[in-house]
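>
Numbering (this note's numbering), first residue to last: 72 to 162.
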């Protein structure tokens, strides 16, 4: 994958409005992806804390999976990341 190289930042503003650093991100061993964790990873990539490649590698995600999280946030806000009501938001 080719992507524009952005300078590394020390923190970004997380989904709850607080500063988010690499140390605050979900651990690489995360298996249970709740709304907050997905939103933190999306915020980290958007803000330049992690690259898309780094996030996918760190969390064993596909690019499509990450992009679906990002699109869900853009279209439906954090509620779009819910898996229990997925069909409601994807129609």
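Ideal Cβ placement from N, Cα and C applies to all residues, glycine included.
The structure presented is a predicted model; accordingly, all values stated were derived computationally and were not measured.
1. Using DSSP bridges, identify the partner residues of residue 86.
2. Over what stretch of residues does the alpha helix (DSSP H) that includes residue 105 continue unbroken?
3. Taking residue 129 as part of the alpha helix (DSSP H), name the residues at either end of that continuous run.
4. Shortest alpha-carbon distance to residue 95 belongs to which of 83, 105, 79?
5. Considering residue 134, what are the terminal residues of the alpha helix (DSSP H) in which it resides?
Looking at the coordinates:
1. Stepping through the chain shown from its first residue, residue 86 is reached at position 15. Bridge partners of residue 86: none, in fact.
2. Working through the chain shown from its first residue, we reach residue 105 at position 34. It is not in any alpha helix (DSSP H) - residue 105 carries neither H nor E in the DSSP assignment.
3. Stepping through the chain shown from its first residue, residue 129 is reached at position 58. Element bounds for residue 129: 123-130.
4. Residue mapping note: residue 95 aligns to position 24 of the chain shown, counting from 1. Measuring from the Cα of residue 95, the nearest candidate turns out to be 83.
5. Taking the first residue of the chain shown as position 1, residue 134 is located at position 63. Its alpha helix (DSSP H) spans residues 134-147.
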